[in-house]
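Asks: Below is the structure I would like to discuss, written out as structure tokens.
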Amino acid sequence: VRIRLLAALVAQQASGADVPAEKLRKVLGEAVEEAQLLAIVGALHFILCSAARYGVKDELLSHELQQLGLPREHTEGLLTVLNDARAGLEEQAKLKSLRMPRLSSLEWSVEQDTSGVGANAVRMAIGLVSQPAPGQLPTPPRLVQLRMSPDEFTLMHSELLAAREALQALPK
Numbered sequence: 162v163r164i165r166l167l168a169a170l171v172a173q174q175a176s177g178a179d180v181p182a183e184k185l186r187k188v189l190g191e192a193v194e195e196a197q198l199l200a201i202v203g204a205l206h207f208i209l210c211s212a213a214r215y216g217v218k219d220e221l222l223s224h225e226l227q228q229l230g231l232p233r234e235h236t237e238g239l240l241t242v243l244n245d246a247r248a249g250l251e252e253q254a255k256l257k258s259l260r261m262p263r264l265s266s267l268e269w270s271v272e273q274d275t276s277g278v279g280a281n282a283v284r285m286a287i288g289l290v291s292q293p294a295p296g297q298l299p300t301p302p303r304l305v306q307l308r309m310s311p312d313e314f315t316l317m318h319s320e321l322l323a324a325r326e327a328l329q330a331l332p333k
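According to the working numbering, the residues represented by the sequence shown are 162 to 333, in order.
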């Protein structure tokens, strides 16, 4: 029963709710030292958040936890808490995941560069405009300039075409 209560508090905390440390200590009792309390909470947090983030099936998680030596009744308690809190934990995982901003527009131009030391080179200018993430200010367009030999440009062009074909072949 204590593991289920503690796991429920940890799941609430991982879902963004404020859970005071005194509540966690009260569930475990005074016999547990501060370092042990932090280790237990950290382990439960890792198990619950990772299982929710990666969509681990109940049977698989149960089997793995029992292989690590967690008794069956504790495993069942953790799974009950996980199933109750899975939606909130998945939402928090989505909010905390690293995402690159979407590219809203791309402008480019390619021209032959006959000036300077690298005569007969290709100069390419790319203008990138990305959509701001929710709650962030828009960023100004960014101009990237590249200068390369015609052979390098041909190689880059063929690799970009191959990358586009590979991305289009992926299931949507």
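Glycine is no exception: its CB is placed at the ideal position from the N, C-alpha and C atoms.
Taking the beta carbon of Q329 as the centre, do at least 16 other beta carbons fall within 10 Å, making it buried, or is it exposed?
Replies: exposed
Asks: Select from L209, V162 and V271 the residue whose C-alpha is nearest the C-alpha of A254.
Replies: L209
Asks: Determine the extent of the beta strand (DSSP E) in which V202 is found, giving its start and end residues.
Replies: Segment E195 to R214 is the alpha helix (DSSP H) holding V202; no beta strand (DSSP E) there.
Asks: Comparing alpha-carbon positions, which option in V217, E194, R247 and V283 lies nearest E313?
Replies: V283
Asks: Give the straight-line distance between the Cα atoms of S310 and N281, rounded to the nearest whole angstrom.
Replies: 7 Å
Asks: Would L170 be called buried (16 or more neighbouring beta carbons within 10 Å of its own) or exposed?
Replies: buried
Asks: Please confirm whether R303 and L289 have their CB atoms less than 7 Å apart.
Replies: yes
Asks: Does DSSP classify G288 as helix, strand or coil?
Replies: strand
Asks: What is the rounded straight-line gap between the Cα of T213 and the Cα of Q173?
Replies: At residue 213 the sequence reads Ala, which differs from the Thr that was named. Cα to Cα, A213 sits roughly 13 Å from Q173.
Asks: Can you confirm whether K184, when its beta carbon is compared against all beta carbons of chain C, has any partner nearer than 7 Å?
Replies: Here there is only one protein chain, and chain C is not present.
Asks: Return the first residue and the last residue of the alpha helix (DSSP H) that L185 is part of.
Replies: Under the DSSP assignment, L185 falls in the alpha helix (DSSP H) whose first and last residues are A182 to L189.
Asks: Going by DSSP, what residue range makes up the beta strand (DSSP E) through Q253?
Replies: Unbroken run through Q253 is the alpha helix (DSSP H), R233 to K257; no beta strand (DSSP E).
Asks: Quick one, are the C-beta atoms of L199 and A168 less than 7 Å apart?
Replies: no
Asks: With distances taken Cα to Cα, identify the nearest neighbour of L240 among E251, G249 and L226.
Replies: Comparing Cα-Cα distances from L240 to each of E251, G249 and L226, the minimum goes to L226.
Asks: Leaving aside the five residues before and after V188 along the sequence, list all residues of the same chain whose C-beta is less than 8 Å from its C-beta, in chain order.
Replies: Apart from sequence neighbours up to five positions away, the residues of its chain that approach V188 with a beta-carbon distance below 8 Å are R163, L166, L167 and L170, ordered along the chain.
Asks: Could you give the first and the last residue of the continuous beta strand (DSSP E) run that contains V171?
Replies: In the DSSP assignment, V171 falls outside any beta strand (DSSP E) and lies within the alpha helix (DSSP H) extending over R163 to A175.
Asks: Which residues bound the alpha helix (DSSP H) around Q329?
Replies: P311 to A330
Asks: If you draw a straight line from the alpha carbon of G357 to that of N244, how long is it in whole angstroms?
Replies: The question about residue 357 has no answer, for the chain in this structure spans 162 to 333.
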